[in-house]
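Heads up: the structure comes next, in structure tokens.
2 protein chains.
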Amino acid sequence: MTTTPSTTAGTLADPDTPFAVVDVHKALRNIDRLAAKADQLGVTLRPHVKTAKSLDVAALMHGAAPNPVTVSTLAEAEAFADGGYTDISYAVGIDPHKLPRVLALLRRGVTLRVLLDSAEQAAFVAEASRRAGIGIPAQIEIDCDGHRGGLKTDDPALLDIGHTLHDAGCLDGVLTHAGESYFAYSAEERRLAAENERDTAVTAAGKLRAAGLPVATVSVGSTPTAHAAEGLTGVTELRAGNYVFFDLVMAGLGVCRIDDLALSVVVTVIGHRPEYGWIVTDGGWMAMSRDRGTGAQPQDQGYGLVTDLAGRPIPGLVMSAASQEHGTITARDGATLPDLPIGTRLRILPNHACATAAQHRGYHVIDSSRTGTDAPAVQAVWNRVSGW
Amino acid sequence: MTTTPSTTAGTLADPDTPFAVVDVHKALRNIDRLAAKADQLGVTLRPHVKTAKSLDVAALMHGAAPNPVTVSTLAEAEAFADGGYTDISYAVGIDPHKLPRVLALLRRGVTLRVLLDSAEQAAFVAEASRRAGIGIPAQIEIDCDGHRGGLKTDDPALLDIGHTLHDAGCLDGVLTHAGESYFAYSAEERRLAAENERDTAVTAAGKLRAAGLPVATVSVGSTPTAHAAEGLTGVTELRAGNYVFFDLVMAGLGVCRIDDLALSVVVTVIGHRPEYGWIVTDGGWMAMSRDRGTGAQPQDQGYGLVTDLAGRPIPGLVMSAASQEHGTITARDGATLPDLPIGTRLRILPNHACATAAQHRGYHVIDSSRTGTDAPAVQAVWNRVSGW
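For the record, the sequence lines run as chains A and B.
Residues in the first sequence are numbered from 1 upward in steps of one, following the UniProt record's numbering.
Residues in the second sequence are numbered from 1 upward in steps of one, following the UniProt record's numbering.
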């Protein structure tokens, strides 16, 4: 994992705005927190790299030796394979059309697991494996909370799929994701969601095993449940992605503090409309994404909260509106709009780190433990993987 | 303008999903429609390339000879300058930090106009011009509807700014944008918005001229008002961007028909949850963007409407939910969910073409006038400009 040194920028005051910033101090703190939790629970952590999509960020998690990762696209799988990763789970239901790229990675010596929840997909995977003479490792997606895909544990298709996969040398295990935990606002709700996620995965694995089918992997995880789980008996691995950066949605749930947010976007003040109470910036939805995740939370944070360039929150300021290349900052809760002249740089903390990061080609990297200055030094510029 | 021939794909059935598709037949029809309108109104059309961000799409507008364009980022300005464009307006209020890149383009022989609405910005532009010995052409942004930036026509700063710019050899003219026309649901409202946009720009130009200040450019435009304007006396140029692709927001306003939408995203069915009435695809918000523009319209279209791979609408189907790499399609209005097996390809028509296009690195190009097949042939793959 190589860190690309910064070639363009001395400090966050230098590059043209908008651009994305990663604070490695906070990212490492977030990484250490979940690593300690996984250690305590006695499970392997398999980070989902869909949030940062960066070999450099993954190196923060893994150090020198590439370790298990989860990906959301084959483009990520291929980029991480190029970076030396050999243990990759592709956690989106497999489109049979994509199996040639899966087989190409397997032929390179990468253990790439696919996910499926239907007899049709299992038949495609089994057939492709037989033709290629390579068992494509496959996990059966289990639905624990009605959030998205997966089979219920009592679905009779579970065993049929298990047999189809096993007969073709493909059966790896089961995977579930407590997506509804993104709406769990109390620690107790998240604890129960984690318990349910575990129970569901372990029940499904038990049903397969009771039918004589070997289950190697029992995979669970989401950022809220990973932090809330109190016991993961029977589970072999824990997945989470957002936790490396966190965001306002996670802070709104109580999974992290605002101070833990490691991703932000630097913008510049380009206008004022005092008659409306607006400060206009050059960071619109192109820079922040259209994600309004906190809009469904008790405290709506608009398009994001505002800090100064050093990362100190400016109380009462919110990015309340966005067009393509314009952001509107307003004051709320009786706060006074500060005097922020044209050219002032600010940082916006996003609703949803996965969506905001995706609007950028890379990250300017700072380390907030090393600087007390108003314009943090840029340590490096890291690239992101994009596309599919 | 070179068209990159397709090297990867025979038809829309071939590339891995999700990917963006441009139908040149519909794009050309949309382009011809507004070109005819501009001719009829007797104004220059200066297309905003922020929607497609593609030299190839711009070539559809301009043919062999590059013509006036509007851009939303300096990255677009630089890419279009590289493509031979020499008449470019950068229609986002200028950040003084970006003036060195503006000057670099001017030194290359590109007439790049900047936009501003404050005495502070005018002073920065005048000072940079004097230092460089190059008058940076600048337009004064005028607010016609309280949508975003700009000066009201009665703001005393208008003349001060005009003098500052003129004294430095920078004053080019005035620009206004009827952003509130995106909420004008009747032809009459849009006609009135266009009239107000024109009146406001012409009034501002008149005030400057009455003070002895020369005004070359009087620029107006938005996709809804450009199509609704009945007379543009006093206006020199018309801007619009979205019109090349159109989208569900524009169709919801009545500016176009669903059949005019030239941009879509090809996705593949990867799952079924009959108990919830869901078809799951591999196109989530990463492919569609998080834009929910129709959510504020009388007919909410979710994350998009669904067609088959040939582009024929599938009545009653809507993409009702999205996660990062998953889309959920449901039936509404009593429609029956059709049988769409795993691997079936569909196309999703987006809420907001600018936002959806931005999620992709390029476009697979088809021509719906040339094919009657179920899987349209891919004529080319066109790149997009990204970043800032």
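All residues carry an ideal CB built from backbone N, CA and C; glycine is no exception.
Just so it is clear, the structure is predicted and the values come from calculations on it, not from any experiment.
- Look at H364(B) here: in three-state DSSP terms it is strand.
- Taking each of H97(B), I94(B), V110(B) and T51(B) in turn and checking the Cα distance to A77(B), the smallest one comes out for V110(B).
- The beta carbons of E141(A) and L115(A) sit about 5 Å from each other, so the pair counts as a contact at 8 Å.
- Only S323, Q324, E325 and H326 from the stretch 298-332 of chain B bring a Cβ to less than 7 Å from some Cβ of chain A.
- Taking 8 Å as the Cβ-Cβ cut-off, the stretch 220-234 of chain A has no residue approaching chain B.
- For W382(A), the enclosing beta strand (DSSP E) stretches over residues A380 to N383.
- Annotation for H166(A): the continuous alpha helix (DSSP H) segment containing it runs A157 to D167.
- For the pair F246(B) and V235(B), the Cα-to-Cα distance works out to about 24 Å.
- Residue contact with chain A for E197(B): absent (no Cβ-Cβ distance below 8 Å to any residue of chain A).
- D260(A) is classed as buried because its beta carbon has at least 16 other beta carbons within 10 Å across all chains shown.
- At a C-beta separation below 7 Å, E120(A) has these neighbours in chain B: P341 and I342.
- Straight through space, the alpha carbons of T307(A) and A205(B) are spaced by roughly 38 Å.
- With a contact defined as Cβ atoms closer than 8 Å, T336(A) and D95(B) miss out at about 24 Å.
- Under the Cβ distance rule, S368(B) does not count among the residues neighbouring chain A, no pair being separated by less than 8 Å.
- For the stretch 31-57 of chain B, residues whose beta-carbon sits nearer than 7 Å to a beta-carbon of chain A comprise K50.
- Using a CB distance below 8 Å, the part of the stretch 73-93 of chain B facing chain A consists of T73, L74, V92 and G93, ordered along the chain.
- Contact between T70(B) and R239(B) is confirmed by a C-beta separation of about 5 Å, below the 8 Å threshold.
- H364(B) is positioned such that its CB atom lies closer than 8 Å to that of V378(B).
- Identification of chain A residues near P96(B) by a Cβ-Cβ cut-off of 8 Å yields I342 and G343, ordered along the chain.
- CA-CA distance, R107(B) to H163(B), rounds to 24 Å.
- Interface annotation, G212(B): not in contact with chain A, CB-CB separation never under 8 Å.
- Beta bridge pairing from DSSP links R46(A) with R239(A).
- As computed with DSSP, F19(A) is found in a beta bridge with V266(A).
- Using a Cβ-Cβ cut-off of 8 Å, H272(B) is close to S118 of chain A, given in chain order.
- C-alpha of G277(B) to C-alpha of A27(B): approximately 34 Å in a straight line.
- With fewer than 16 neighbouring CB atoms inside 10 Å of its own CB, E275(A) falls in the exposed class.
- The beta carbon of S222(A) lies closer than 6 Å to those of H177, A178 and S181 in the same chain, with the five residues before and after it left out.
- For T86(A), same chain residues with a beta-carbon under 8 Å away, outside a window of 5 residues either side, are P66, G109, V110 and T111 in chain order.
- Excluding its 5 nearest sequence neighbours in each direction, G254(B) has no C-beta neighbour in its own chain below 6 Å.
- If you ignore the 5 residues before and after L165(B), its C-beta comes within less than 6 Å of the C-beta of A122, A138 and L171, all in its own chain and listed in chain order.
- Nearest to G311(B) by alpha-carbon distance, out of S368(B), N351(B) and T330(B), is S368(B).
- Using a CB distance cut-off of 8 Å, V265(A) does not count as an interface residue toward chain B.
- Under the criterion of beta carbons closer than 8 Å, T281(B) and L346(B) qualify as touching, at roughly 7 Å.
- Listed in chain order, the positions of the stretch 237-270 of chain B with a beta carbon within less than 7 Å of a beta carbon of chain A are T268 and I270.
- Among the CB atoms of chain B, none fall inside 8 Å of the CB of Y363(A).
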